[in-house]
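S.K.: Numbered continuously in this note's numbering, the sequence shown closes out at residue 210.
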Amino acid sequence: MGIRDDRELVAIIVKDPEKGFRLLMTKYMDTVYWHIRRLVVSHDDAQDATQEVFVRVFRFLKQFKGECAFRSWIYRIATNEALRILNQRQNDRVSLDDSLVELSSMMADDYVDYADLEAVRLQQAILALPTKQQLAFNLRYYNELGYDEIAEITGSTPENVKSNYHIAKEKIIKYMNLNN
31 MGIRDDRELV AIIVKDPEKG FRLLMTKYMD TVYWHIRRLV VSHDDAQDAT QEVFVRVFRF
91 LKQFKGECAF RSWIYRIATN EALRILNQRQ NDRVSLDDSL VELSSMMADD YVDYADLEAV
151 RLQQAILALP TKQQLAFNLR YYNELGYDEI AEITGSTPEN VKSNYHIAKE KIIKYMNLNN
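#1: Among Lys92, Tyr105 and Tyr177, whose alpha-carbon lies nearest the alpha-carbon of lysine 231?
#2: If we ignore side chains and look at the alpha-carbon of each, how far apart do lysine 49 and arginine 34 end up?
#3: Just verifying my parser: in three-state terms, what is the DSSP assignment at lysine 57?
#4: Which word fits phenylalanine 90, buried or exposed, when buried means at least 16 other C-beta atoms lie within 10 angstroms of its C-beta?
#5: Count the other C-beta atoms from every protein chain shown that fall within 10 angstroms of the C-beta of serine 135, then say buried if there are 16 or more, exposed otherwise.
#6: Using a threshold of 9 angstroms, state whether the C-beta atoms of histidine 73 and asparagine 168 are closer than that.
#7: I'd like to confirm something about arginine 37: is its beta-carbon nearer than 8 angstroms to some heavy atom of the ligand GDP, or not?
#8: Helix or strand or just coil, what does DSSP make of threonine 161?
#9: Among the residues of its own chain, which have a CB less than 8 angstroms from the CB of alanine 138, if the five just before and after it don't count?
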């Protein structure tokens, strides 16, 4: 039995929590995991955060009022969980303006193919962005979300998201061109 949309998914979760939770996990587990993973990098941190996200979604489902898309609400919870982890390790962050030695010492994790130098440089450039730019870039580039939905997720405006995305893109291009 396939679900047509998120309203139906929410109704199933309310009616049959066990079945609904399985459907929720099937639909959103991979996208939430990779959203978090791109931000926190570590597989273990991403896995823990993803589990916490689904516990929170399930626990706070009654507070979901439908004022935004269910997917946006899930991404907002996932983003907040990733930011919580990043805030715990804030001293480990570097900037694109920092030396190449520092940036090259940043190891992404197993999901980056180190034989593909372009992918490694892209990952380093993304990880060095300020958090708002990183979020805007990842949600737009990897998740292909619109500016309005990203704004809902990040608690920003579509104009700010668009600006952050374009600034991030320019910084990444500059980084990639300087590090050929």
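C-beta: ideal position from N, C-alpha, C; glycine also.
M.R.: Per the coordinate set shown:
#1: The question about residue 231 has no answer, for the chain in this structure spans 31 to 210.
#2: In this model, lysine 49 and arginine 34 are separated by some 15 angstroms (Cα to Cα).
#3: Helix at lysine 57.
#4: Burial state of phenylalanine 90 is exposed, judged by a 10 Å Cβ sphere holding fewer than 16 other Cβ atoms.
#5: Residue confidence is low: serine 135 scores 43 on pLDDT, short of 50, so the model does not pin down where it sits. Its coordinate-derived value is still stated next. Flag for serine 135 reads exposed.
#6: If you check the CB distance, histidine 73 and asparagine 168 do not come in under 9 angstroms.
#7: In the structure shown, the ligand GDP is absent, as is every other ligand, since no ligand is present at all.
#8: In the three-state reduction of the DSSP assignment, threonine 161 falls in the helix class.
#9: With a pLDDT of 45 at alanine 138, under the threshold of 50, the modelled position of that residue is not reliable, and the figure given next carries that caveat. Val71, Val150, Gln153, Gln154 and Leu157.
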